[in-house]
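Q: Can you keep this structure in mind? I'll have questions shortly.
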Amino acid sequence: MEKIIIDENQFMRTISRISHEIIEKHQRLDNIVIVGIKRRGAEIAELIKRKIAELTGVSLPSMALDITFYRDDLAYVAPENPTPVYSGASGYIDIQNKEVILVDDVLFTGRTIRAAMDALTDFGRAAKIELVILVDRGHRELPIRADYVGKNVPTSRDEKVQVRTLEFDQCYEVALLPK
Numbered sequence: 007m008e009k010i011i012i013d014e015n016q017f018m019r020t021i022s023r024i025s026h027e028i029i030e031k032h033q034r035l036d037n038i039v040i041v042g043i044k045r046r047g048a049e050i051a052e053l054i055k056r057k058i059a060e061l062t063g064v065s066l067p068s069m070a071l072d073i074t075f076y077r078d079d080l081a082y083v084a085p086e087n088p089t090p091v092y093s094g095a096s097g098y099i100d101i102q103n104k105e106v107i108l109v110d111d112v113l114f115t116g117r118t119i120r121a122a123m124d125a126l127t128d129f130g131r132a133a134k135i136e137l138v139i140l141v142d143r144g145h146r147e148l149p150i151r152a153d154y155v156g157k158n159v160p161t162s163r164d165e166k167v168q169v170r171t172l173e174f175d176q177c178y179e180v181a182l183l184p185k
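Adding 6 to a residue's 1-based position in the sequence shown gives its number in our numbering.
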């Protein structure tokens with residue numbers, strides 16, 4: 007039985023709060039690039055980008071990043087699909103000496119973020135990478151910590167956190183499901 011842990015109203019308030027935190031932490035926004043990890047991380051990154059533009063009038067350069075071939079757990083993630091489809095990045099942005107704000111939906115083991123940081127090296131050497139996570143559920147296998155967290159949700163390994171977005175699920179919410 008699923009439990010909605012973040013409804014649409016809370017979801018949008020979380021996007022707003024994270025956007026305000028990013029603005030407060032950065033004196034200037036002219037050296038920032040926002041990168042969303044495909045799929046839902048990219049949609050969340052776009053929401054944050056729009057909110058920052060609404061609040062400051064600054065439109066940050068952004069891209070959506072596909073990390074498929076950088077994963078070290080691909081055989082476990084998609085055993086039914088032995089030949090994964092790689093859709094690449096939404097466009098090339100040089101991140102050399104830029105401050106990158108990397109965005110994803112759920113932080114769990116840390117392996118997705120490690121793969122994303124490996125993928126980012128193809129776009130240059132960032133001056134700094136900060137991490138935005140909508141839901142941090144714990145159970146880290148790698149030493150990765152988010153700079154901006156929407157909500158910490160302690161879970162068991164027998165549960166699943168599902169972030170739902172408008173583009174893929176026709177709503178904005180987060181559900182906790184049994185596996």
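C-beta atoms are modelled at their ideal positions from N, C-alpha and C, and glycine is treated no differently. All values derive from a computational prediction rather than experimental measurement.
So who's on the other strand from residue 9, going by DSSP bridges?
A: Answer by DSSP bridge pairing, in chain order: 182.
Q: Taking the alpha-carbon of residue 64 as reference, which of 51, 36 and 76 has the nearest alpha-carbon?
A: That would be 36, whose Cα lies nearest to the Cα of residue 64.
Q: Measuring alpha carbon to alpha carbon, tell me which residue in 74, 172 and 143 is nearest residue 13.
A: The residue with the shortest Cα to Cα distance from residue 13 is 172.
Q: Could you compute how far the alpha carbon of residue 119 sits from the alpha carbon of residue 70?
A: Looking at the two C-alpha atoms, the distance is approximately 14 Å.
Q: Quick test of your reading: residue 76 and residue 111, contact by CB under 8 Å. State the CB separation rounded to the nearest angstrom.
A: That pair is no contact at about 17 Å.
Q: What is the DSSP secondary structure of residue 162, reduced to helix, strand or coil?
A: Of the three classes helix, strand and coil, the one that applies to residue 162 here is coil, per DSSP.
Q: Are there 16 or more other CB atoms within 10 angstroms of the CB of residue 55, so buried, or fewer, so exposed?
A: Burial call: buried.
Q: I believe residue 38 touches residue 104 by the beta-carbon criterion, under 8 Å. Please report the beta-carbon distance rounded to the nearest angstrom.
A: Indeed, because the Cβ distance is near 7 Å, the residues count as touching under 8 Å.
Q: Got a sec, what are the start and stop residues for the beta strand (DSSP E) residue 43 sits in?
A: That run of the beta strand (DSSP E) goes 38-43.
Q: Between which two residues does the alpha helix (DSSP H) containing residue 147 stretch?
A: It is not in any alpha helix (DSSP H) - residue 147 carries neither H nor E in the DSSP assignment.
Q: Out of 108, 134 and 109, which one is the CA nearest neighbour of residue 102?
A: Nearest C-alpha to residue 102: 134.
Q: What did DSSP end up calling residue 92 once you bin it into helix, strand or coil?
A: Here residue 92 scores only 48 on pLDDT, less than 50, and its place in the model is too uncertain to base an answer on.
Q: Could you tell me the boundaries of the beta strand (DSSP E) in which residue 113 lies?
A: It spans 105-113 - the beta strand (DSSP E) in which residue 113 sits, taken as one unbroken run.
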